[in-house]
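Trainee: Residue numbers (this note's numbering), protein chains in the order written: chain A, 1 to 330; chain B, 1 to 319; chain C, 1 to 286. Glycine included, every Cβ here is placed at the ideal spot set by N, Cα and C.
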Amino acid sequence: MRKYFGRKLLIYLLTFFLAVTIDWLIPRFMPGNPVANMLARVSVNSTAASVMQEYYTHLFGLDLPLWQQYLNFWANLLRGDLGISAYLFPKPVTQVLMNAIPYDVALLLPAILLSWLAGNNFGAVAARSKWLDNTVSPIGYILTATPYMWLGILLAWFFGIILDVFPIAGAYSFSLSPTLSWKFIGDVLLHWFLPFFSLFMVQFGGWAIGMRNMIIYELEADYSHYLEALGAPRSLIRRYAFNNAVLPQLSGLALQLGVIVAGALVTEVVFSYPGIGYLLLAAIQNQDYFLIQGCFLFIIIGVLLANFVIDIVYVLVDPRTRRGMTGEAA
Amino acid sequence: MLQVENLTVYYQTLKGQVRALENASFTLADGEIMGLAGESGCGKTTLGHSLIHLSPPMTHIGGRVLLNGQELPLADMQKMDAYRFNEISIIPQYAMNAMNPIRKIGQMTEELLRAKKADVKTVMAALKDRLEMVKLPQEVLGLYPIELSGGMKQRMVMVLSTLLDPELLIADEITSALDVASQKAVSEMLVEFRDQHCCNSVIFITHDISILYQIADSILIMYAGQLAEKASTETIIHNPRHPYTRLLISALPEIGVRYSDKRLTGIPGKTPLLLNPPQGCRFRERCPLAFEKCAEVPPFVEIEPGHSVACWKEGSADA
Amino acid sequence: MKALKQKNEFLYFALRNRKLQIGLGVILFFVLLAAFGPLLTDYEPFDYVNPTGPVAPSSKYWLGTTFFGQDVFTQVVMGLRATFLIAILGSGIATLVGMLLGFLAGYRGGILDEIINVLTNIVLVIPTMAVLLIIAAYLQVRSLTMESILIGLTAWPWAARAIRAQTFSLRTRDFVDMARMSGESSFKIIFSEIAPNMMSYLVMTFILQFGGAILNAATLDFIGLGPTNAISLGLIMQYSMMWGALQFGMWWWFVPPGLAITLIVGALYSMNVGLDEVFNPKLREM
Ligand SMILES: Nc1ncnc2c1ncn2[C@@H]1O[C@H](COP(=O)(O)OP(=O)(O)O)[C@@H](O)[C@H]1O
Ligand code: SF4
Ligand SMILES: [Mg+2]
Numbered sequence: 001m002r003k004y005f006g007r008k009l010l011i012y013l014l015t016f017f018l019a020v021t022i023d024w025l026i027p028r029f030m031p032g033n034p035v036a037n038m039l040a041r042v043s044v045n046s047t048a049a050s051v052m053q054e055y056y057t058h059l060f061g062l063d064l065p066l067w068q069q070y071l072n073f074w075a076n077l078l079r080g081d082l083g084i085s086a087y088l089f090p091k092p093v094t095q096v097l098m099n100a101i102p103y104d105v106a107l108l109l110p111a112i113l114l115s116w117l118a119g120n121n122f123g124a125v126a127a128r129s130k131w132l133d134n135t136v137s138p139i140g141y142i143l144t145a146t147p148y149m150w151l152g153i154l155l156a157w158f159f160g161i162i163l164d165v166f167p168i169a170g171a172y173s174f175s176l177s178p179t180l181s182w183k184f185i186g187d188v189l190l191h192w193f194l195p196f197f198s199l200f201m202v203q204f205g206g207w208a209i210g211m212r213n214m215i216i217y218e219l220e221a222d223y224s225h226y227l228e229a230l231g232a233p234r235s236l237i238r239r240y241a242f243n244n245a246v247l248p249q250l251s252g253l254a255l256q257l258g259v260i261v262a263g264a265l266v267t268e269v270v271f272s273y274p275g276i277g278y279l280l281l282a283a284i285q286n287q288d289y290f291l292i293q294g295c296f297l298f299i300i301i302g303v304l305l306a307n308f309v310i311d312i313v314y315v316l317v318d319p320r321t322r323r324g325m326t327g328e329a330a
Numbered sequence: 001m002l003q004v005e006n007l008t009v010y011y012q013t014l015k016g017q018v019r020a021l022e023n024a025s026f027t028l029a030d031g032e033i034m035g036l037a038g039e040s041g042c043g044k045t046t047l048g049h050s051l052i053h054l055s056p057p058m059t060h061i062g063g064r065v066l067l068n069g070q071e072l073p074l075a076d077m078q079k080m081d082a083y084r085f086n087e088i089s090i091i092p093q094y095a096m097n098a099m100n101p102i103r104k105i106g107q108m109t110e111e112l113l114r115a116k117k118a119d120v121k122t123v124m125a126a127l128k129d130r131l132e133m134v135k136l137p138q139e140v141l142g143l144y145p146i147e148l149s150g151g152m153k154q155r156m157v158m159v160l161s162t163l164l165d166p167e168l169l170i171a172d173e174i175t176s177a178l179d180v181a182s183q184k185a186v187s188e189m190l191v192e193f194r195d196q197h198c199c200n201s202v203i204f205i206t207h208d209i210s211i212l213y214q215i216a217d218s219i220l221i222m223y224a225g226q227l228a229e230k231a232s233t234e235t236i237i238h239n240p241r242h243p244y245t246r247l248l249i250s251a252l253p254e255i256g257v258r259y260s261d262k263r264l265t266g267i268p269g270k271t272p273l274l275l276n277p278p279q280g281c282r283f284r285e286r287c288p289l290a291f292e293k294c295a296e297v298p299p300f301v302e303i304e305p306g307h308s309v310a311c312w313k314e315g316s317a318d319a
Numbered sequence: 001m002k003a004l005k006q007k008n009e010f011l012y013f014a015l016r017n018r019k020l021q022i023g024l025g026v027i028l029f030f031v032l033l034a035a036f037g038p039l040l041t042d043y044e045p046f047d048y049v050n051p052t053g054p055v056a057p058s059s060k061y062w063l064g065t066t067f068f069g070q071d072v073f074t075q076v077v078m079g080l081r082a083t084f085l086i087a088i089l090g091s092g093i094a095t096l097v098g099m100l101l102g103f104l105a106g107y108r109g110g111i112l113d114e115i116i117n118v119l120t121n122i123v124l125v126i127p128t129m130a131v132l133l134i135i136a137a138y139l140q141v142r143s144l145t146m147e148s149i150l151i152g153l154t155a156w157p158w159a160a161r162a163i164r165a166q167t168f169s170l171r172t173r174d175f176v177d178m179a180r181m182s183g184e185s186s187f188k189i190i191f192s193e194i195a196p197n198m199m200s201y202l203v204m205t206f207i208l209q210f211g212g213a214i215l216n217a218a219t220l221d222f223i224g225l226g227p228t229n230a231i232s233l234g235l236i237m238q239y240s241m242m243w244g245a246l247q248f249g250m251w252w253w254f255v256p257p258g259l260a261i262t263l264i265v266g267a268l269y270s271m272n273v274g275l276d277e278v279f280n281p282k283l284r285e286m
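(1) Tell me the rounded alpha-carbon separation between C:I149 and A:Q249.
(2) Hey, out of A:S137, A:A306 and A:A156, whose CA is closest to A:S251's CA?
(3) Under 8 angstroms, do A:L364 and B:L112 count as touching if we go by C-beta distance?
(4) Give every residue of the same chain whose Cβ lies closer than 8 angstroms to the Cβ of C:F248, excluding the five residues on either side of it in the sequence, and list them in chain order.
(5) Output, in chain order, the set of chain E residues within a Cβ distance shorter than 7 angstroms of A:I11.
(6) With which residues is B:F204 paired in a DSSP beta bridge?
(7) Any residue with its C-beta under 5 angstroms from a non-hydrogen atom of ligand 2 counts. Can you list them all in chain order?
(8) Taking beta-carbon pairs under 8 angstroms, can you tell me which members of the segment 29 to 59 of chain B lie near chain A?
(9) Counting contacts by CB-CB distance shorter than 8 angstroms, is B:F283 in contact with chain A?
(10) Could you list which residues in chain B have their beta carbon closer than 9 angstroms to that of A:Y240, in chain order?
(11) Anything in the segment 194 to 222 of chain A with a Cβ closer than 8 angstroms to a Cβ of chain B? List those residues in chain order, please.
(12) In whole angstroms, give me the CA-to-CA distance for A:G160 and A:Y273.
(13) Verify whether the separation of the beta carbon atoms of C:I45 and C:T74 is less than 8 angstroms.
(14) Short check: CB of C:G102 to CB of C:T154, under 8 angstroms?
(15) Contact check, A:L151 vs A:S85 under 8 angstroms by CB: the rounded distance?
(16) What span of residues does the beta strand (DSSP E) with B:M96 cover, start to end?
(17) Can you check the segment 73 to 135 of chain B for any alpha helix (DSSP H) of at least 4 residues that lies completely inside it and give the ranges in chain order?
(18) What distance in whole Å lies between the Cβ atoms of A:V269 and C:I190, which are believed to be in contact at a cut-off of 8 angstroms?
(19) Got a sec: is the Cβ-Cβ distance from A:A245 to anything in chain B below 8 angstroms?
(20) Look up B:E71 in the DSSP assignment and give the residues it is bridged to.
(21) In terms of residues, what are the limits of the alpha helix (DSSP H) holding A:L268?
(22) Skipping 5 residues on each side, what residues in its chain have a beta carbon closer than 7 angstroms to that of C:L63?
(23) Going by DSSP in three states, B:E22 sits in which element: helix, strand or coil?
(24) Just to confirm, is the Cβ distance from C:F13 to C:V203 under 8 angstroms?
(25) Does B:K230 come out as helix, strand or coil in the three-state DSSP assignment?
(26) If you check the beta carbons only, do A:L253 and C:I122 fall under 8 angstroms apart?
(27) Given the structure, does B:E173 come close to ligand 3, in the sense that its CB is under 7 angstroms from one of the ligand's heavy atoms?
(28) Taking A:Y289 as part of the alpha helix (DSSP H), name the residues at either end of that continuous run.
(29) What residues of chain B sit near A:A229, judged by a beta carbon separation below 7 angstroms?
(30) How many angstroms separate the CA atom of B:E22 from the CA atom of B:I61?
(31) Under a CB-based cut-off of 8 angstroms, is A:D318 close to chain B?
(32) In this structure, does DSSP put C:S59 in helix, strand or coil?
(33) Within 8 angstroms of any Cβ in chain C, is that where the Cβ of A:F296 sits?
(34) Please name the residue in A:F204, A:I101, A:N76 and A:D311 whose C-alpha comes closest to that of A:S115.
(35) Contact criterion: CB-CB distance below 8 angstroms. Does C:T128 meet it with respect to chain A?
(36) Taking 8 angstroms as the threshold (C-beta atoms), are B:A115 and A:L236 in contact?
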């Protein structure tokens, strides 16, 4: 088990290292001078421009040798300094991102967990009968094939415009200010529902199909046949097959995280939901490069953390990894 | 004890029926260990499974099986459950992978017993003695299958399958994956199981005929889905009548060589495909004695008490 | 001889597999639409053809017009071309890189395998989209080719992993041993012995990469990092959101591009399942 985690941690550290390096490298070695571009944009605001100019020279320290620039970048990063947002001047990027994080967590955590649980259970049920399978599987395939933003748009159009039962923009109504009242909480939930639901649905399709395929495979496994030959009741065989099938679904979740995060980005754009995806769109449109770099790092850190959590859960559910045997985890 | 009458089982595939078991009839006495031998692919596993786990793509075409005078509902997956494990049990060919990989062995055993509504307490107590019989430490119950060696898994499944003292045990190639020393040990354990009444009669399936000399009371030889010959081990070795059996026995380096590695492949020619088997005696193409009559299927007839042969040159042809 | 017979058998099942038929049919439809669609329209994708702005689908504008009066049908068929271009290039690159690394790691084993494995795992953990967008964000001018290359270069780990595992299991087979003993070079063994034996696998990997590239491109375009000099299905959706298609109920602007993507990717998945059934007799329905 120590070896298992040791290996995982090494991968994560290397990944983080690589990600930070990319984050540092790209602005410096891309054609053109994006930072100058950015400064040109904010120059309407002359104080901002001069502060940025100073910051920029300091941060990029173009007079310094490259390795020192690189070390400085790390030093700043470890102090939590990701620069200053041009678009939300003079807010530090870290603070801007911190404000957005709760929305991402509120959206992603329930969407990921619930869709995974529901999808797995649904898929297991679908594997039971031909009739169910023939109706559920095509729907599942269509759902996973749907681009996240499109399902979001369709839901917004149908529930937000045609039926007019859900708001389709923002995290809460402009007319309300954040308080701990029922009215406000209700309003927040109302705004949260559609983005959550569209994230949920696309993933749900994928998990349902994955489980359906895995469980059919497991029901054909030798240990299932043996139980059948010994006349064990169907319920026991199904339970064992499910328990075995859940493991690859769990490592599948780790592998899907990147895709899910990308889905969340575009879903937030559709619903103007103030998470990192929405920020990112604004940052791109305003050529706010520090903010873009910050979003990149935050996404990486988030995915690495989630991966780590999944690893721990995997060890908890797969005894083989605990016993130092090699498990299936990715 | 066990009576098999004209049992015919095919595999239903997209390309057609694989005629893997054709018109099999034989009996098994109380406490008899019957060796079931034949080349790979001749239908031994099919025959074994037909008696306990006749599931798709296998289909029951005809014939019946009586266990202690009672007809088994072979093709009825639900009704058969009452017999499975309790009356008839199997150590499958895939014993190495037969246990749920993510359950501790003891836990899985308990869950299985509970699901079968067995007397869990008594059986789990008996389990301890059985483990001793196969020289497994009690600790295996706290382990996962992956932590056991191949031989240990094999023995564990042997214990598991016989926990409810079945009338009939089907042991499918339980020695094939083992080295010579363990082959001997495992076969002796099986005899011990029979002697201790952990099971009554045994069908011991193997493609390695030499291993049967030691342990089998009788031997049934199959060829390409058809029964060829059944007799006591003595008779099969010293006085075989079916041309195929004769070739098999003479192909062995030396009669009585124990646990030899010689497989049943020393005969020229190929076994026919069972998807579209030749008419008549399926051994015809390789049989040195074949003649016109062999275009018809030879019946499996008793030529002397306890000795049956399916060959036109023997039994019916002479009669 | 045996191989030939086997091929015929695959063909037999392939031609009879419903999932494969449906998938291929849908893909063929969209390929034809991308190829000949532009001939059916008199407009250019960005031309302001309708002076009164947005109108619903009609015989004149088959899929209606945008907020600015651009013809949606023209944009969609041109966008389809972009989508197929990106998908082919992107998935081609990803599959090639994946094959190269997967074969090397699986066939050679040892330290090379370790290194490639760590590399694969790292790139697998990094969310592809994050890398794509940070690179794309710094490119002032973005072309379709550039987008395809970026997508291809970040999508290979899936392929590499799958191909490595397959190669690993094939490497110890008799026919490979035989080739090795007769002194064939690794390169030759990989391409004449190993690759043909996992053709079905490679085809399915490519198909999945194809679908992935389409979805990735759509995401990138929708965030505003799509090509700066072309139209694509993702861009159409982005424009429609930017210019209030939702609020004004201009459904014809955002439904067709998304529907096209969904149908194409869904058809690819369906093909994949179908092929799986063709190649794995165990999965064939009785
Ligand atoms: N699931 C199956 N579908 C179709 N044919 C099968 C299947 N299993 C076995 N067979 C065929 O049935 C015949 C007998 O197989 P089997 O009983 O496993 O032989 P043995 O156990 O003697 O080696 C073989 O020709 C084999 O190809
Ligand atoms: S029936 Fe004919 S072919 Fe068959 S074994 Fe006897 S002699 Fe040979
Ligand atoms: Mg067998």
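Mentor: Here's the rundown:
(1) Counted from its first residue, the third sequence places residue 149 of chain C at position 149. Counted from its first residue, the first sequence places residue 249 of chain A at position 249. One C-alpha to the other measures close to 30 angstroms.
(2) As a first step, residue 251 of chain A is located in the first sequence; it is residue number 251 there, counting from the start. The residue with the shortest Cα to Cα distance from A:S251 is A:A306.
(3) In this structure chain A extends from 1 to 330, so residue 364 of chain A is not present and cannot be described.
(4) As a working mapping, residue 248 of chain C is identified with position 248 in the third sequence. Counting only Cβ-Cβ distances below 8 angstroms, and skipping sequence neighbours, we find P54 and F67.
(5) Absent from the structure is chain E; the protein chains it does hold are A, B and C.
(6) Along the second sequence, read from residue 1 onward, the residue named residue 204 of chain B stands at position 204. B:G35 and B:A171.
(7) Listed by position along the chain, the residues with Cβ atoms less than 5 angstroms from a non-hydrogen atom of ligand 2 are B:P243, B:C281, B:F283, B:R284, B:C287, B:L289, B:A290, B:C294, B:P298, B:C311, B:W312 and B:K313.
(8) Among the residues of the segment 29 to 59 of chain B, those with a Cβ less than 8 angstroms away from any Cβ of chain A are H49, I52, H53 and S55, in the order of the chain.
(9) Against the second sequence, residue 283 of chain B aligns to sequence position 283. Judged by the 8 angstroms Cβ criterion, B:F283 is not in contact with chain A.
(10) As a first step, residue 240 of chain A is located in the first sequence; it is residue number 240 there, counting from the start. Those within 9 angstroms of A:Y240 in chain B are N100, I102, R103, M108 and E111.
(11) Residues A221 and D222.
(12) In the first sequence, residue 160 of chain A corresponds to position 160, counting from 1. In the first sequence, residue 273 of chain A corresponds to position 273, counting from 1. Taking the CA atoms as reference points, A:G160 sits about 14 angstroms from A:Y273.
(13) Numbered from 1 along the third sequence, position 45 holds the residue referred to as residue 45 of chain C. Numbered from 1 along the third sequence, position 74 holds the residue referred to as residue 74 of chain C. The sequence shown places Pro at residue 45 of chain C, not Ile. Against a cut-off of 8 angstroms, the Cβ pair of C:T74 and C:P45 comes out as a contact.
(14) By one-based count along the third sequence, residue 102 of chain C stands at place 102. By one-based count along the third sequence, residue 154 of chain C stands at place 154. For C:G102 and C:T154, no; Cβs fall outside 8 angstroms.
(15) The residue labelled residue 151 of chain A in the question sits at position 151 within the first sequence. The residue labelled residue 85 of chain A in the question sits at position 85 within the first sequence. Not a contact, Cβ separation roughly 31 angstroms.
(16) As a working mapping, residue 96 of chain B is identified with position 96 in the second sequence. Counted as a single uninterrupted DSSP element, the stretch harbouring B:M96 is not any beta strand (DSSP E), since DSSP gives it neither H nor E.
(17) Residue ranges of uninterrupted alpha helix (DSSP H) with 4 or more members, entirely inside the segment 73 to 135 of chain B and ordered along the chain, are 77 to 80, 105 to 115 and 120 to 133.
(18) Sequence index remark: in the third sequence, residue 190 of chain C carries index 190 (1-based). Sequence index remark: in the first sequence, residue 269 of chain A carries index 269 (1-based). In fact, because the Cβ distance is near 44 angstroms, the residues do not count as touching under 8 angstroms.
(19) Along the first sequence, one-based indexing puts residue 245 of chain A at 245. Residue contact check for A:A245 against chain B: no CB pair falls below 8 angstroms.
(20) Walking along the second sequence from the start, residue 71 of chain B turns up at place 71. B:L66, per the DSSP bridge assignment.
(21) Stepping through the first sequence from its first residue, residue 268 of chain A is reached at position 268. At residue 268 of chain A the sequence reads Glu, which differs from the Leu that was named. First-last of the alpha helix (DSSP H) with A:E268: R234 to V270.
(22) Within the third sequence, residue 63 of chain C is the residue found at index 63, counting from 1. The residues are P57, V72, F73, V76, W252 and P256.
(23) Numbered from 1 along the second sequence, position 22 holds the residue referred to as residue 22 of chain B. Strand, per DSSP.
(24) By 1-based counting over the third sequence, the position of residue 13 of chain C is 13. By 1-based counting over the third sequence, the position of residue 203 of chain C is 203. Result no, Cβ atoms of C:F13 and C:V203 do not sit closer than 8 angstroms.
(25) As a working note, residue 230 of chain B is residue 230 in the second sequence. In the structure shown, B:K230 sits in a strand (DSSP, three-state: E or B).
(26) One-based indexing of the first sequence puts residue 253 of chain A at position 253. One-based indexing of the third sequence puts residue 122 of chain C at position 122. Not a contact, by the Cβ cut-off of 8 angstroms.
(27) Taking the first residue of the second sequence as 1, we reach residue 173 of chain B at position 173. Result yes, Cβ under 7 angstroms from ligand 3.
(28) Here residue 289 of chain A corresponds to residue number 289 of the first sequence, with the count starting at 1. Taken as a continuous stretch (DSSP letters only), the alpha helix (DSSP H) holding A:Y289 covers Y289 to V317.
(29) Within the first sequence, residue 229 of chain A is the residue found at index 229, counting from 1. Result: I52, H53, R84, I90 and P92.
(30) In the second sequence, the residue the question calls residue 22 of chain B occupies position 22. In the second sequence, the residue the question calls residue 61 of chain B occupies position 61. Looking at the two C-alpha atoms, the distance is approximately 9 angstroms.
(31) On the first sequence, residue 318 of chain A is found 318 positions in, with the first residue counted as 1. Nearest CB-CB separation between A:D318 and chain B: below the 8 angstroms threshold.
(32) Here residue 59 of chain C is taken as the residue at index 59 of the third sequence, counted from 1. DSSP places C:S59 in coil when its eight states are reduced to three.
(33) In the first sequence, counting from the first residue as 1, residue 296 of chain A sits at position 296. Closer than 8 angstroms to some Cβ of chain C, the Cβ of A:F296 qualifies, so yes.
(34) For this step, residue 115 of chain A is matched to residue 115 along the first sequence. Nearest option by C-alpha distance: A:F204.
(35) Counting from one through the third sequence, the residue named residue 128 of chain C turns up at place 128. Chain A contact via Cβ: present.
(36) Within the first sequence, the letter at position 236 stands for residue 236 of chain A. Within the second sequence, the letter at position 115 stands for residue 115 of chain B. In contact: A:L236 and B:A115 (Cβ atoms closer than 8 angstroms).
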